[in-house]
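Just so it is clear: in the sequence shown, position 101 is 101 by full-length UniProt numbering, and no numbers are missing. All C-beta atoms in this analysis are idealised placements derived from N, C-alpha and C, irrespective of residue type, glycine included. A quick note: this is a predicted structure, and the numbers were derived from the prediction, not measured.
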Amino acid sequence: MTISQEPNGTGAIVVPLWINGEQRTSSSSFEVISPHLGTACWRAATASKGDVIEAIDAAQGAFPSWSKTKPSMRIKILLRAADIMEHNIDEYAGFMATEMGADIEVAKFFVTPLSIRMLRDIASRISSICGTVPVCQDEGTSCIVYKEPYGVTLGIVPWNAPYVFGIRAAATAIATGNTTILKASELTPRCYWAIGKAFSEAGLPPGVLNILTCPPIDAPSIVNTMIAHPAVKKINFTGSASTGRKVARACGENLKPCLMELGGKNSVIILPDANLNKAVTECIAGSFLNSGQICMGTDRIIIHVDIAQTFLAGLKAALSAMSKQPAPLPRVVSSASKDRLQSLVSSALAAGAEMMFRGDIDEVIDKSGTVFIPAILGGIKDDMEIWTQESFGPVAAYMVVQDEDEAVRLANATEYGLSAAVFTRDLRKGLAIAKRLESGAVHINSMTIHDEPALPFGGIKSSGWGRFNTASGMEEFLVTKSVTWDD
Numbered sequence: 001m002t003i004s005q006e007p008n009g010t011g012a013i014v015v016p017l018w019i020n021g022e023q024r025t026s027s028s029s030f031e032v033i034s035p036h037l038g039t040a041c042w043r044a045a046t047a048s049k050g051d052v053i054e055a056i057d058a059a060q061g062a063f064p065s066w067s068k069t070k071p072s073m074r075i076k077i078l079l080r081a082a083d084i085m086e087h088n089i090d091e092y093a094g095f096m097a098t099e100m101g102a103d104i105e106v107a108k109f110f111v112t113p114l115s116i117r118m119l120r121d122i123a124s125r126i127s128s129i130c131g132t133v134p135v136c137q138d139e140g141t142s143c144i145v146y147k148e149p150y151g152v153t154l155g156i157v158p159w160n161a162p163y164v165f166g167i168r169a170a171a172t173a174i175a176t177g178n179t180t181i182l183k184a185s186e187l188t189p190r191c192y193w194a195i196g197k198a199f200s201e202a203g204l205p206p207g208v209l210n211i212l213t214c215p216p217i218d219a220p221s222i223v224n225t226m227i228a229h230p231a232v233k234k235i236n237f238t239g240s241a242s243t244g245r246k247v248a249r250a251c252g253e254n255l256k257p258c259l260m261e262l263g264g265k266n267s268v269i270i271l272p273d274a275n276l277n278k279a280v281t282e283c284i285a286g287s288f289l290n291s292g293q294i295c296m297g298t299d300r301i302i303i304h305v306d307i308a309q310t311f312l313a314g315l316k317a318a319l320s321a322m323s324k325q326p327a328p329l330p331r332v333v334s335s336a337s338k339d340r341l342q343s344l345v346s347s348a349l350a351a352g353a354e355m356m357f358r359g360d361i362d363e364v365i366d367k368s369g370t371v372f373i374p375a376i377l378g379g380i381k382d383d384m385e386i387w388t389q390e391s392f393g394p395v396a397a398y399m400v401v402q403d404e405d406e407a408v409r410l411a412n413a414t415e416y417g418l419s420a421a422v423f424t425r426d427l428r429k430g431l432a433i434a435k436r437l438e439s440g441a442v443h444i445n446s447m448t449i450h451d452e453p454a455l456p457f458g459g460i461k462s463s464g465w466g467r468f469n470t471a472s473g474m475e476e477f478l479v480t481k482s483v484t485w486d487d
């Protein structure tokens, strides 16, 4: 079975579930609203409790044989899946643009290629999974430390970069010998379906990867059922801190380990010796790429007083020039997201903030209710919500500081700690400030959005714990077993 049509004669596409290597429809489905249209682009199957149990049973049943497969087989399947995704990149990028309103260029040349690189990198690490042979303290005693898969893992994945999040949750689990279930975002079900299709066509055995979707009203029950199930051994979650707290609480109640990649409130610090042209370019990209809907996006720009006037003039000139170029209107994922962002901006302005720059919103025709013209605000106080709460949209704010110490204090004065950036021509100074910043990553002279297979990715504080990518990411999906014996 493939993508199906509603049996009621409407002709609507229904995106199926993936369970035990098969595409499954269900007795009910829900609408997927396209931000471009403001109407349904297709429907997606709703997973029932029965579907959940069947997916867990399939994953549990596939685990004994999959965990024993040789690295060469896993490598071959992952590389084949990467080739399939690359071959179908136009189609996959189109799904992402339709479902979440992404600019097609971002989907085709940024998000999807990054996921393919990640998939190939994960494949390259499979043959390096190994334990150790420590020396025991007692004579006549030896030991081996094994690295083994957990069993069935659960990945709860969001909508804003579906191929990246789906690949790192599914492929890392598969590469390390686990079987897995993805609870996909209801906003981008066809993107996650496409990941399942790529793995299926690559020859992944039934049950190793299962993908479920459901409407938001059903999500708490579905997720809690999976977390509580004895067969599910490890959970990874990518999403907001508020939802992450609920997932972590459920994991704690069931004594299940979890990897949490949550939101950020990411700061850029611009020092007097910075290359201001580069800083301007990187701040714009960091704030507005993917309509600001990236957890690493630049929310806060902290500018040293000595160059503040020059930098802001350059920033305003660059934004003004960009606004006059023909380009697709920036869209956020839903009208609710647009309303939330507008509320953040309005409340800041009401509290005394100033609009430093915003494109012409009077001429925008927004039938879908999802167009949000990028904005940068000044005159900010450090207790304003726009300064303290994750924006997750094309909105940034700036403050001017007197010295480096004040800049570091402001950057660290947040519950989050995901990504940060420092602009300076003095690498020693940049490294010194990077050590002082409370953040999972700090980028010197580049934007806060920086995710690549060679770098461990994750945050601290309310941005989560644990890491994806690299050997650190592989370790997250492995358990350690010590075995000793008398010689």
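Closest to residue 422 by CA distance: which of 310, 478 and 282 is it?
282
Using alpha carbons as the reference points, say which of 43, 274 and 350 lies closest to residue 191.
43
Please report the straight-line C-alpha distance between residue 172 and residue 306, rounded to a whole angstrom.
47 Å
If I measure Cβ to Cβ from residue 86 and keep anything under 6 Å in the same chain, skipping five residues before and after, which residues do I get?
116
If I follow the unbroken alpha helix (DSSP H) through residue 64, where does it start and stop?
49 to 66
Measuring only the C-alpha atoms, how far is residue 15 from residue 123?
28 Å
I'd like to know whether the C-beta atoms of residue 449 and residue 196 end up nearer to each other than 9 Å.
It is not a contact, given that the beta carbons lie outside the stated cut-off.
Taking Cβ to Cβ, would you say residue 227 is nearer than 9 Å to residue 235?
Judged by beta-carbon spacing, residue 235 lies within the 9 Å limit of residue 227, meaning their Cβ atoms are closer than that value.
Suppose the cutoff is 7 Å on Cβ atoms and the five residues either side in sequence are ignored; what does the same chain contact list for residue 131 look like?
144, 145, 146 and 147
Do the stretch 434 to 441 and the stretch 92 to 101 touch if we need at least three Cβ pairs shorter than 8 Å?
no
Ordered along the chain, which non-local residues of its own chain (more than five positions away) have a Cβ less than 6 Å from that of residue 354?
378 and 379
As a quick exercise: from 308, 249, 290 and 247, pick the residue whose alpha carbon is nearest that of residue 274.
308
Within the continuous alpha helix (DSSP H) that includes residue 87, where are the two ends?
71 to 87
What would DSSP say about residue 368, mapped onto helix, strand or coil?
coil
Alpha carbon to alpha carbon, what distance is there between residue 149 and residue 484?
20 Å
Per DSSP, what kind of secondary structure is residue 215 in: helix, strand or coil?
coil
Is the beta carbon of residue 165 less than 9 Å from the beta carbon of residue 157?
Going by C-beta atoms, residue 165 is nearer than 9 Å to residue 157.
Can you name the residues that DSSP bridges to residue 132?
145
Per the DSSP calculation, residue 15 is bridged to which residue(s)?
44
From the DSSP output, read off the bridge partner residues of residue 358.
375
Quick check: what's the CA-CA separation for residue 470 versus residue 46?
34 Å
Residue range of the beta strand (DSSP E) that residue 108 falls in?
It is not in any beta strand (DSSP E) - residue 108 carries neither H nor E in the DSSP assignment.
Could you have a look at residue 154 and say whether DSSP puts it in helix, strand or coil?
Of the three classes helix, strand and coil, the one that applies to residue 154 here is strand, per DSSP.
Taking the straight line between their C-alpha atoms, what separation do you get for residue 211 and residue 140?
49 Å
Go ahead and label residue 311 buried or exposed: buried means 16 or more other beta carbons lie within 10 angstroms of its beta carbon, across all protein chains shown.
It is buried - the Cβ of residue 311 has at least 16 other Cβ atoms within 10 Å.
Quick check: what's the CA-CA separation for residue 56 versus residue 181?
7 Å
For residue 232, which residues of its own chain have a beta-carbon under 6 Å away from its beta-carbon, when the five flanking residues on both sides are left out?
152, 154 and 226, listed in sequence order.
Going by DSSP, what residue range makes up the alpha helix (DSSP H) through residue 172?
162 to 175
Measuring straight from C-alpha to C-alpha, what distance separates residue 412 and residue 406?
10 Å
When burial is assigned at 16 or more other CB atoms within 10 Å of the CB, is residue 256 buried or exposed?
buried
CB residue 386 to CB residue 395, shorter than 9 Å?
yes
How many Å lie between residue 472 and residue 268 at the Cα?
26 Å
Mind checking which residues open and close the alpha helix (DSSP H) that includes residue 258?
Here residue 258 belongs to no alpha helix (DSSP H); instead the beta strand (DSSP E) covers 258 to 261.
Where do the ends of the beta strand (DSSP E) carrying residue 437 lie?
It is not in any beta strand (DSSP E) - residue 437 carries neither H nor E in the DSSP assignment.
Put residue 100 into one of helix, strand or coil per three-state DSSP.
helix
Residue 266 and residue 298 - do their beta-carbons sit closer together than 9 Å?
Cβ atoms of residue 298 and residue 266: closer than 9 Å.
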